[in-house]
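Taking my numbering, the leading residue of the sequence shown gets 1040, the next gets one more, and so forth.
Below is one structure, written out as structure tokens; the observations come after it.
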Amino acid sequence: MTDATEATRGPDHHVRNRITLIVVGSVAVAAVAAGLIVAGIHGAQPGGPVPNALQPVATQQAAPSDTPATGGSSGTATPAPGGTKSEAPAARSDEVKYGQKVAETVSTKQQAKTPAGLTAAVTKLEAYTATASRAGEVSGPSVKATITLTNNTGAAVPLTAVTVNGYYGDDATPAARVDSDKATKPFGSELAPGATATATYVFTVPDDAKTVTVTLADAAGAKLVVFTGAR
């Protein structure tokens, strides 16, 4: 284009060109903005495009609960902080034998604690020949058992209901007591605090019996303490 032509157009021509560029640019920006809005609307609908994975997404955390958590899949509750696990006390024997419940079983060389708190012991177990003088009792081979009871409870304990019985053999065959024999001396009526009482009982036991068992109940219906040993 020549300088003459440019001069003929004058300054108005340049103004119109600038206006045209501004209008075209505005239209282009508006088109881009409209495209972004449409894309945003489609993205918000189900099945729309996946949001930018690099853009942070706000998440909502659960509020802390005041209720303590219970145990997991095992169902065991978590102990409270500072809690201690109490140990159960060692249980004594509670089996039913010799006709009633047994509190403790020991050898004839050991002591046992009765339910009333007395210390019981078989101090002597010896072969003996019984002489019976009552109907139903049998004279002959027997065992003489000497038993002591010591009272460390701090109070007097009645002995009138003390029951002593005998058995022999592995099958615990009942041994008949020979109360009419002169060696028999049962316990007295009461045992004072700190005192020891001694009694002797005679049981009919065959000569071939290898083991002897003596049971003692310190009151009617009380659990037994059981002593077992060689004849």
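Glycine included, each C-beta is placed from N, C-alpha and C at the ideal position.
DSSP bridge partner residues for residue i (one or two, in chain order)
i	result
Leu-1198	For Leu-1198, which the question treats as bridged, DSSP gives no partner whatsoever.
Pro-1213	Tyr-1206
Lys-1221	BP columns for Lys-1221 are empty, so no partner.
Asn-1190	Leu-1157
Lys-1013	This structure cannot settle anything about residue 1013, because the visible part of the chain is limited to 1040 through 1270.
Ala-1234	For Ala-1234, which the question treats as bridged, DSSP gives no partner whatsoever.
Distance between beta carbons of residue j and residue i, contact taken as under 8 angstroms
i	j	result
Ala-1215	Thr-1243	5 angstroms
Leu-1230	Ala-1142	Between Ala-1142 and Leu-1230 the Cβ distance is about 18 angstroms, and since that is not below 8 angstroms, they are no contact.
Ser-1181	Tyr-1167	5 angstroms
Ala-1236	Leu-1188	5 angstroms
Collapsed DSSP secondary structure at residue i in the structure displayed
i	result
Val-1145	strand
Gln-1244	In the sequence as presented, Gln is not what sits at residue 1244; that position holds Val. It is coil, neither helix nor strand.
Ser-1228	coil
Lys-1249	coil
Lys-1163	strand
Gln-1094	Bear in mind that the predicted position of Gln-1094 carries a pLDDT of just 44, short of 50, making it too unreliable to give a figure here.
Ala-1256	strand
Lys-1183	strand
Ala-1174	coil
Ala-1261	coil
Buried versus exposed, by CB contacts within 10 Å (16 or more), residue i
i	result
Lys-1163	exposed
Gly-1175	exposed
Ala-1200	exposed
Ser-1228	exposed
Val-1135	exposed
Thr-1117	Low per-residue confidence applies at Thr-1117: pLDDT is 43, beneath 50, and the placement is therefore not dependable, though the value from the model is reported in the following sentence. Burial call: exposed.
Lys-1183	buried
Asn-1191	exposed
Exercise for the section: Mind the definition here: the region 1220-1227 touches the region 1148-1163 only if three or more C-beta pairs lie below 8 angstroms; say whether that holds. Expected result: Contact fails: fewer than three Cβ-Cβ distances are below 8 angstroms.
Exercise for the section: Could you tell me whether the region 1252-1269 touches the region 1184-1204, using the rule of 3 or more Cβ pairs below 8 angstroms? Expected result: yes
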